[in-house]
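Step one of this worksheet: look at the structure below.
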Amino acid sequence: MAFLLSFGLTNFESVFGLFSLQRHGYGPQRVGTILTVIGTVSALMQGVLTGPLTKRWGEVILLRLSLIGSAVGFVLMLLANNYATVLITVAVFVLSNSLLRPVVSSLTSKRYSEGQGVAMGLNNAFMSLGRIAGPIWAGLLFDVNFNYPYISGSFVMLIGFFVSLIWLSKDN
C-alpha cells in the first residue's frame, strides 16, 4: 500500500509544473500560488483534522475514502478549465491525499506490535521506492501525452482502493 500511494501521488507531484504550463499556460507565479494552496490545505488537514477524523471513522475507512478521493481528484484536475477550477480541484485532490501517508503509517504501526521497527522501516522503504519509480513513470507518460500521468495516477489509486477492500478489514 505504501508503494502504491507514493507511486500514484508522484504522478501528480513530479509533472505538475509541466502539466500546468502545457495544459493551462501557467507560469511560475500561478504554479507557485497553486503550490501554496496545496501546502496550506495539506497542513490544515494533517495538523487539525487527521486526529479527529481518525477517531471518528478509523484508519481503514479514511484510507479507502482518501484513495477514492484521490482517484476522483486526478480526473477532476483533467476537467478543470480555468484558474478557479484548477485551485478548487487541486484543493479537493490534496484534501484526500493529505491523509494517506499518516493513515498508512498508523495502520502499519498498529498491525505490528512486535517487529514494529522493521515494519516501519519497510513502510518507509516502499514509500521511497514509489517516489523513485513514480516520477520516472510519470515523465515517460508525460512525453507521450501530458494527461496520461494523471490518468495513470487515478488508476493506481483505484488499484490501492481495491487492494484495501481485499486486505484490510473494517475493524483494523
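First residue of the sequence shown: 0, per numbering that gives the first Met the number 0; consecutive thereafter. We put the CB at the ideal spot given by N, CA and C, even for glycine. Quick caveat, the model's predicted, so the values are computed rather than measured.
- The straight-line gap separating the alpha-carbon atoms of I67 and G114 is approximately 31 Å.
- The region 128 to 137 and the region 43 to 61 do not touch, with fewer than three beta-carbon pairs separated by less than 8 Å.
- Proximity to T107 across L75, S19 and S163 peaks at S163, based on C-alpha coordinates.
- In this chain, A79 is not harboured by any alpha helix (DSSP H), its DSSP state being neither H nor E.
- S108: member of the alpha helix (DSSP H) spanning L99 to R110, first to last residue.
- In the assembly as shown, G46 is an exposed residue. Its beta-carbon has fewer than 16 other beta-carbons within 10 Å.
- Under the three-state reduction of DSSP, S13 is assigned to coil, being neither helix nor strand.
- When rounded, the separation of the alpha-carbon atoms in K109 and L139 is 37 Å.
- Taken atom to atom, the span from the alpha-carbon of S104 to that of Q21 is near 35 Å.
- The C-alpha of W136 lies about 8 Å from the C-alpha of P148.
- Rounded to the nearest whole angstrom, the CA to CA distance from A1 to N122 is 6 Å.
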